[in-house]
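Student: Can you keep this structure in mind? I'll have questions shortly.
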Amino acid sequence: MSEYTVINSRAVRVDTPDKATGKAVFIDDMTMPGMLYGALLQSPLAHARIVSIDTSKARNLPGVKSVVTAAEAGLVKYGVSPARYDETLFCHEKVRYVGDDIAAVAAVDMETALKAVSLIEVEYEELPAVFTIEEAMKAGAPVLHDNYPGNICAEVHSEFGNVEEALADCDLIKTTTFQNKRQDAAFIEPQGCIASYDLSGNLTLYSSTQVPHYVQRTVAMVLKLPVGKVRVVKPYVGAGFGIKASANPLELSACLLSMKTGKPVKMNYNREQVFQYGRARHQFTHTMTTGVKKDGTIMALKHLCYLDGGAYSSFGIATVYYAGSLLGGPYKLPNMKYDGYRIYNNKPACGAMRGHGGVAARACWEQQLDMIAEELKISPIELRLKNMMVAGDVTCNDLNMSSLGMKECIEAVKDGSEWTAKKGKLPKGKGIGMACGFFVSGAGYPIYRSDTFHGTVIVKLTEDGGTALVYTASAEIGQGSDTTFAMIAAEALGIRLEDVRLESGDTDFGVDLGAYSSRQTLMTGHAVKEAAEDARRQVLEVLAKELNVPVENMDIKNSLIEFKQGNVDFTGLRTRYSKEHRGWNDNPADGPLTFREASRIAYLSKGSIVGTGKYKPPELGGKYKGATVGTSPAYGCSAQIAEVTVDEETGQITVDRITDAHDCGLAINVTSVEGQMEGSVSMGLGEALFEEVKFDKKGHVINADLAEYKIPTMLDMPQIKTIIVESNEPNGPFGAKEVGEGAIMPTIPAILNAVYDAIGVRIHELPMTPERVYLAIQEAKKGKTG
Amino acid sequence: MLLPKFDFHEPKTLNEACQILAAYGVKAKLIAGGTDLMVNMKKKILSPEQVISISRIGELKKLDTSGDSIRIGSCFTVADLSTSDAIQKHLSALGEGAKNLGTPLIRNLATIGGNLGSARPAADLPPALMAYGAQVVLNSLSGERTLSLDKFFLGPGFTAAKPDEILSEIQIPSLPPHSGAGYINIGIRKGQDCNLVNVASFIALDTDGTIRNARIVMGCVGPIPLRASSAEKMLIGQKPESALFARAGAAASLDSTPIDDFRGTAAYKRDMVGVLTRRTLDIAFREATHRQ
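Residue numbers (my numbering), protein chains in the order written: chain V, 62 to 847; chain G, -12 to 279.
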């Protein structure tokens, strides 16, 4: 039985009625009086010098209100990490990928805007382009950014302990190379926004974003506006998965065009542009060497990784760090060496996507650990349990596992899948495999260096009493954060969920770094809890004075005031409340004192009751270069077991069942946690089996739609058994931590290991399409007979 | 993505449709479900000035199993094909193709005529229909003609229908006793996928149990759905058994002419033709032994 009254339950999400009936407002539903439509001119070439741009024909087209290029936008560099601001809103000297932005147009309707874009004349001088890591790193290769010779966008070199020394003492050393493919997050809602600049110089941007706060700062910086004049509002958003976690050219263009025209300007990407903009998961090529003792003790990991970065940095510096640092756990690993390189080339930039930097690395390593287990004749589960960290352990790269229900997760999936009855006993063509993973519960530091709070929250009680208004700048993007925070506010205040009204996603509500790095439940959650407790305290303090009862002798539960000792005569307060509501037919007549009465009395005494909350993680991590990436106040972790059937004649894989256990500290909304777990399985399964963004020889995406970029359909989804493990995280609000990204970590390697179990062939390249699996089987047969 | 501008016509009868089509010829495109045309128009691959909808013409929506042949109106939807008991009973391989086409939403709109008329090499319905020996009925102001489906497809997107002709009906001869057919398609994923390879096989058995007639049709491995002639020849007069079907599969592989593309290599598709031919022959044989 839960000790809580609101959280740790299955609540109906606060947005369900609106979303189920189509009433929820997304950017595409929005329109404003006098609104113009914007469109972008994007480069048709992957690498070219811009000789000239002539916009005169476009400007002269009737209905066109503004045409902007770098000449109007200026050349302020921006990006994600201030250490690598390498983009300008519009290209001015050269274009670096097919889709690079050159100009934007605002017109009275979309047809006119698109026509105007086609009338802009750009003279290009085509440059040789590079599309792969090999091409980009070749001596004498064309350079994308003059200040990054060799096209090395970022490199990381780190060593903890002494890897070579440790390897010399190992009984078994295993090296494998593994490659995933460039992903698209395939969120349901393409990016879109409306910018509206008013006559007083205030700019309001409505945008489909995960991070109103960072967008606000970038817009102010690039367009040289006082940040106080820029407000970013996020309506309902159809997911982001990391791709919407930074300002994009649509948002900046729409703002600039609105400033030029004084009218609202709406802009959208179509699906093709979503692919062209990219910013999703990189292609990683990992080479890992792991050394173990005969008994399975992991001693050392030597790790080399190349990231196919695309034309700009985006999140890439963090990505190349994460790809190394996230192998520090969850196994005890005393020695770890990492060399990572992120390489520029003339494709769209890659960025952050669910499981940022860690997914391919985890897949590579968890498969390798299974290979090691097999050679040592240790069960994969035993090997993992043997090396598993426990709560309180600190990784060699200074990540602190303040809670870690990893062992419980492994036991849960082992039992839940009936592993023991199946492992080694399945017919050929059927297989079972397992893997583990962990992830940050919020990045320990903001993207820009700052002492800022990561989240601030205001809880205001309605003056007439009874309802708590929660204002948070956090971003509900479909994951259910609004409901989570309404539940936390209700729990902390002691009121019912239906007595909370929550508004989010508006930079006017405060600071919140947004929905990325699985941070909101823990970080925003803390701020919500603190603000609600602050409001609660203020109400109780007024009651204490009015009733002469010490605060600690009172509690609020289910929107009622509880007195812990004896009968308290509150009839005076009740009479006051009733007198103010003469003629109303729902005044409390008997029974306990209600929160509605109490909060009204508090208002009458003090004016508006406003509670505030804030959260900032303590200083985390080590002192070495890059030590901040991977730090977090807490880490979520999970284990999964996949069961598959492989058609050995066609190579087709069917994932029959996934048993999935995740330690989220404490489930605020059980249903939402399960939703994240199932969603992660879907995304991981797609990356494992189907998904790859493909290019032609000129750098065009050739599968820029959801027909040819294949995410899992209902028919591809396995049965999923979700098991929630609760480890009560000491650094989380009510013990809660992440589930959004950590849950994806074990999916790919669990499937890889299950496929091996089914066919006896290891596959080290994704996606495991029927053809790739078929060829691997044929190759293995040849090896056996030849 | 915006649609280009066009004039829209919605005739109520086949004759009216023929008149409008005759007036505009190549400037017009017929639309039934629109699941192919709309996509191509949004991508600006096609920009017809005139779009003629035939989806209000009641006579094109029939399914008639009463006569010597089964007659299916060209606007009969794929969803209806996939759930029809009559199709399941008489033309199970066609039903299987219908079940595997697109998504439920696509199937609700897509029509059998559209799936033939768009002439996509990877389409789900042509292999089974060709295996059953179907013919199409083409109407124009100058009259009506029938054409074997074997002669209907000319290349990707091209058919033997003249610019003024409307595909009104598909006719499938009633199946002889002891005949059966099978259809299998494979793609990357299990639903909503462009096929990598699809094969339909039909066999009819003689009273002595040998194979009297066989038709094998391979999709995705040529510009049009292809008959695996040498595999068919190999089967006729033989006693059906799995070793024979495996040999026929190998022969069909050689009959296929796949190309490398971003969905898969020619070598893989060729190998899969062999697997699917064998498997569909197995299905066809099982059905043939049960059909009286």
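Beta carbons are placed, not taken as given, at the ideal position from N, Cα and C, and that holds for glycine. None of the values given here were measured: they were computed from a predicted structure.
1. I'd like the ranges of any beta strand (DSSP E) spanning at least 3 consecutive residues and lying wholly in the stretch 525 to 592 of chain V.
2. Indicate the three-state DSSP secondary structure (helix, strand or coil) for Ala605 of chain V in the structure shown.
3. Go through the stretch 688 to 751 of chain V residue by residue and report every complete run of the beta strand (DSSP E) that reaches 3 residues or more, in order.
4. Output needed for Met259 of chain G: all residues of its chain with C-beta closer than 7 angstroms, excluding positions within five of it in sequence on either side, in chain order.
5. What are the boundary residues of the alpha helix (DSSP H) that includes Gln626 of chain V?
6. Could you work out which residues of chain V lie near Cys181 of chain G, taking near to mean beta carbons separated by less than 8 angstroms?
7. Is Asp23 of chain G helix, strand or coil by DSSP?
8. Going by the CB atoms, is the gap between Ala529 of chain V and Ala550 of chain V shorter than 9 angstroms?
9. Would Asn764 of chain V pass as an interface residue toward chain G - the criterion being a Cβ-Cβ separation below 9 angstroms?
10. Using Cβ-Cβ distances below 9 angstroms, what residues of the stretch 228 to 256 of chain V are close to chain G?
11. Sort V:Tyr577, V:Ser261 and V:Leu233 by Cα distance to Lys438 of chain V and report the nearest one.
12. Please determine, among G:Asp23, G:Lys76 and G:Asn2, the residue with the shortest C-alpha to C-alpha distance to Gly301 of chain G.
13. By Cβ distance below 6 angstroms, which residues in the same chain neighbour Ala341 of chain V in space, the five residues on each side in sequence not counted?
14. Exposed or buried, what is Asp543 of chain V when buried is set at 16 or more other beta-carbons lying within 10 Å of its beta-carbon?
15. By alpha-carbon positions, which one of V:Phe500, V:Met96, V:Gly494 and V:Ala200 ends up nearest to Met462 of chain V?
16. Should the stretch 231 to 242 of chain G be called in touch with the stretch 137 to 147 of chain G, which here means at least 3 C-beta pairs below 8 angstroms?
17. Please state whether DSSP places Asp137 of chain G in a helix, a strand or coil.
18. What are the boundary residues of the beta strand (DSSP E) that Cys181 of chain G is part of?
19. Using only CA atoms, which one of V:Leu102, V:Lys138, V:Gly740 and V:Tyr185 lies nearest to Ala165 of chain V?
20. Report the three-state DSSP secondary structure of Tyr11 of chain G (helix, strand or coil).
21. Give a yes or no on whether the minimum CB-CB distance between Tyr338 of chain V and chain G is below 9 angstroms.
22. Can you name, in chain order, every residue of its own chain whose Cβ lies under 7 angstroms from the Cβ of Ser743 of chain V, other than the five neighbours on each side?
23. Name, please, each residue of chain V whose Cβ falls closer than 8 angstroms to the Cβ of Arg176 of chain G.
24. I'd like the list of long-range same chain contacts for Asp476 of chain V, defined as Cβ closer than 6 angstroms, with 5 residues on each side in sequence excluded.
25. Based on DSSP bridge pairs, tell me the residues matched to Ile111 of chain V.
26. Does the beta-carbon distance from Val561 of chain V to Ala663 of chain V come in below 9 angstroms?
27. Taking buried to mean at least 16 other C-beta atoms within 10 Å of its own C-beta, is Pro91 of chain G buried or exposed?
28. If the cut-off is 8 angstroms on Cβ atoms, which residues from the stretch 181 to 204 of chain G count as contacting chain V, listed in chain order?
29. Could you pull out every unbroken beta strand (DSSP E) segment of at least 3 residues lying fully inside the stretch 108 to 158 of chain V, listed in chain order?
30. Less than 9 angstroms between the beta carbons of Leu313 of chain V and Val293 of chain V, yes or no?
31. Using the beta-carbon of each residue, which ones in chain G are nearer than 8 angstroms to Met710 of chain V?
32. Compare the beta carbon distance of Gly760 of chain V and Phe192 of chain V with 9 angstroms and say whether it is the shorter of the two.
33. At a Cβ threshold of 9 angstroms, is Tyr170 of chain G touching chain V?
34. If we count the other Cβ atoms within 10 Å of its Cβ and call it buried at 16 or more, is Glu799 of chain V buried or exposed?
35. Please state whether the Cβ-Cβ distance between Met467 of chain V and Val451 of chain V is less than 9 angstroms.
36. Nearest chain G C-beta to Leu388 of chain V closer than 9 angstroms, yes or no?
Tutor: By the coordinates alone:
1. 529 to 533 and 561 to 565
2. DSSP, read as helix, strand or coil, puts Ala605 of chain V in helix.
3. Counting whole runs of 3 or more residues, the stretch 688 to 751 of chain V contains the beta strand (DSSP E) stretches 696 to 707 and 714 to 724.
4. Ile173, Leu183 and Val184
5. No alpha helix (DSSP H) contains Gln626 of chain V, which DSSP labels as neither H nor E.
6. Residues of chain V with a Cβ closer than 8 angstroms to the Cβ of Cys181 of chain G are, in chain order, Ala768 and Glu769.
7. coil
8. Yes, the Cβ-Cβ distance between Ala550 of chain V and Ala529 of chain V is below 9 angstroms.
9. Judged by the 9 angstroms Cβ criterion, Asn764 of chain V is in contact with chain G.
10. none
11. V:Leu233
12. Since the first and last residues shown for chain G are -12 and 279, residue 301 of chain G lies out of range.
13. Gln244, Asp245, Ala246, Ile304 and Met414
14. Burial call: buried.
15. The option with the nearest alpha carbon to Met462 of chain V is V:Phe500.
16. no
17. helix
18. Cys181 of chain G: not part of any beta strand (DSSP E); DSSP gives it neither H nor E.
19. V:Leu102
20. helix
21. Taking CB atoms only, Tyr338 of chain V has no neighbour in chain G less than 9 angstroms away.
22. Correct list, in chain order: Pro773 and Met778.
23. Leu750, Phe751, Lys771, Pro773, Thr774, Leu776 and Asp777
24. none
25. Answer by DSSP bridge pairing, in chain order: V:Tyr185.
26. no
27. exposed
28. Cys181 and Leu183
29. 109 to 115 and 125 to 129
30. no
31. Residue identity check: residue 710 of chain V is Glu in the sequence provided, not Met. Close to Glu710 of chain V, with beta-carbon spacing below 8 angstroms, are these residues of chain G in chain order: Val262.
32. yes
33. no
34. buried
35. Yes, the pair counts as a contact, with Cβ atoms nearer than the cut-off.
36. no
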